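*Asks:*
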Amino acid sequence: MIAAVGAMGIVAALVVGGLALQGLQDAGEARRTTGSVGAALSHVQEMEYRGADISGWQVAYAWDARRTTPLQAVDASSGNRAGFLLSGEELKKLLADVPASALTPTEQEYFSAIVDAWERFFQYDEQVVALYRQNTSASMDAADDLILGDSYDVFYEVLEETAKLKESLQQREREATEAADGQQSTTTFIMIAATALGALLVLAVSVAVTRRITRPLLGHVS
Numbered sequence: 000m001i002a003a004v005g006a007m008g009i010v011a012a013l014v015v016g017g018l019a020l021q022g023l024q025d026a027g028e029a030r031r032t033t034g035s036v037g038a039a040l041s042h043v044q045e046m047e048y049r050g051a052d053i054s055g056w057q058v059a060y061a062w063d064a065r066r067t068t069p070l071q072a073v074d075a076s077s078g079n080r081a082g083f084l085l086s087g088e089e090l091k092k093l094l095a096d097v098p099a100s101a102l103t104p105t106e107q108e109y110f111s112a113i114v115d116a117w118e119r120f121f122q123y124d125e126q127v128v129a130l131y132r133q134n135t136s137a138s139m140d141a142a143d144d145l146i147l148g149d150s151y152d153v154f155y156e157v158l159e160e161t162a163k164l165k166e167s168l169q170q171r172e173r174e175a176t177e178a179a180d181g182q183q184s185t186t187t188f189i190m191i192a193a194t195a196l197g198a199l200l201v202l203a204v205s206v207a208v209t210r211r212i213t214r215p216l217l218g219h220v221s
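For the sequence shown, counting from 1, position 181 maps to 180 in numbering that gives the first Met the number 0; every step adds exactly one.
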């Protein structure tokens with residue numbers, strides 16, 4: 000019977016340990032999901048910033064075409080044009096670094112639409128530059144119309160698809176965080192309950208052993 004007490008203690012410890020290990024594994028998986036989604040979300044938020052930056056630089060160099068000359072405005076060494084080109088390169092690197100494996104199929108569709116829209120945007124920008132380089136009033140008007148027309152329409156597509164991707168990632172990040180927190184709470188509760196149950200089992204066996212030992216002694220004394 001004494002051995003039974005020890006055995007019950009060992010069983011209780013194994014149960015608690017097993018439940019704790021499983022709970023920690025589940026919580027760890029949820030945390031990893033939160034981390035990967037968070038990394039993708041960080042990239043998307045940076046994409047938003049770069050998008051606004053690029054749009055601002057484009058408007059600025061278009062204004063330079065009126066303020067100075069079209070040729071000066073689109074010169075790569077000109078301040079606003081240089082800023083546009085630099086931001087464009089940084090955006091392209093950012094798009095290449097987005098962890099696509101962390102995206103759901105729907106999110107990958109959003110991302111593909113974003114990449115496609117940016118490619119068309121930069122193609123329009125090349126047309127804008129070509130028009131400014133013609134250095135005529137008519138070509139300058141045509142360049143301005145392209146920026147405010149087709150180019151802006153594509154940029155608006157970028158904004159829409161980026162907003163969809165960001166919203167989806169934010170929702171998944173919230174869900175993953177809640178799942179991780181919930182799993183942690185569940186694991187803690189199970190460990191406490193299993194520990195208490197194990198203690199009760201050991202106590203019950205101990206009482207039974209004590210009675211078995213003391214009963215003959217009491218009878219002998221009587």
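The beta-carbon is built from N, C-alpha and C at its ideal position, and this holds for glycine as well.
Predicted model only: the values in this text are computed from it and were never measured.
Which same chain residues end up closer than 7 Å to E45 when comparing Cβ atoms and leaving out the 5 residues on each side of it in sequence?
*Replies:* L93, listed in sequence order.
*Asks:* Between S150 and the ligand NAD, is the CB less than 7 Å from at least one heavy atom?
*Replies:* Looking for the ligand NAD in the displayed structure turns up nothing, as the structure carries no ligands at all.
*Asks:* Among E177, E174, Q133 and D152, which has the Cα closest to the Cα of A64?
*Replies:* The candidate whose alpha carbon is nearest that of A64 is Q133.
*Asks:* Evaluate contact between the segment 108–117 and the segment 143–151, counting only Cβ atoms and requiring at least three cross-stretch pairs below 8 Å.
*Replies:* Taking 8 Å as the limit for Cβ pairs, the verdict is that the segment 143–151 does not touch the segment 108–117.
*Asks:* If R119 sits next to V36, beta carbons under 8 Å apart, how far is it from one beta carbon to the other, in whole angstroms?
*Replies:* The pair is not a contact, with the Cβ atoms about 28 Å apart (cut-off 8 Å).
*Asks:* What residues in its chain sit with their C-beta under 8 Å from that of K165, if we drop five residues either side in the sequence?
*Replies:* Excluding sequence neighbours, K165 sits near L40, V43, Q44 and E47.
*Asks:* Which first and last residues belong to the alpha helix (DSSP H) in which P104 is found?
*Replies:* From DSSP, the alpha helix (DSSP H) with P104 extends over P104 to Q133.
*Asks:* With G78 as the anchor, note down where its alpha helix (DSSP H) starts and where it stops.
*Replies:* Unbroken alpha helix (DSSP H) run through G78: G78 to D96.
*Asks:* Assuming the contact rule is C-beta atoms closer than 8 Å, Y123 and K163 should be a hit. Round their C-beta distance to whole Å, please.
*Replies:* That belief does not hold up - the Cβ atoms of Y123 and K163 are roughly 22 Å apart, past 8 Å.
*Asks:* Give the range of the alpha helix (DSSP H) segment to which S136 is assigned.
*Replies:* Run containing S136: S136 to L145, per the alpha helix (DSSP H) assignment.
*Asks:* For L102, which residues from the same chain have a beta carbon less than 7 Å from its beta carbon, with the 5 sequence-adjacent residues on both sides left out?
*Replies:* Excluding positions up to five away in sequence, the list reads A39 and F110.
*Asks:* Rounded to a whole number of angstroms, what is the C-alpha to C-alpha distance between A75 and S100?
*Replies:* For A75 and S100, the distance between alpha carbons rounds to 36 Å.
*Asks:* Can you give the Cα-Cα distance for A117 and D143, rounded to whole angstroms?
*Replies:* First, the residue type needs correcting, since residue 117 is Trp and not Ala in the sequence shown. About 19 Å.
*Asks:* Judging by CA-CA distance, which residue of L70, N79 and Q71 is the nearest neighbour of Q57?
*Replies:* That would be N79, whose Cα lies nearest to the Cα of Q57.
*Asks:* How would you label R49, buried or exposed, when you count the other beta carbons within 10 angstroms and need 16 or more for buried?
*Replies:* R49 should be labelled buried.
*Asks:* Just to confirm before moving on: does the CB-CB distance between I53 and L90 stay below 8 Å?
*Replies:* Yes, Cβ-Cβ distance for I53 and L90 is below 8 Å.
*Asks:* May I have the straight-line CA-CA distance separating Q126 from M139, to the nearest angstrom?
*Replies:* Near 11 Å, if we compare the C-alpha coordinates of M139 and Q126.
*Asks:* Closest to T135 by CA distance: which of W62, Y60, L70 and F121 is it?
*Replies:* Here the closest residue by C-alpha is L70.
*Asks:* A51 to G82, Cα distance in whole Å?
*Replies:* Answer to the nearest angstrom: the Cα atoms are 12 Å apart.
*Asks:* Rounding to the nearest angstrom, what Cα-Cα distance links T105 and V73 in this structure?
*Replies:* Approximately 38 Å between the Cα atoms of the pair.
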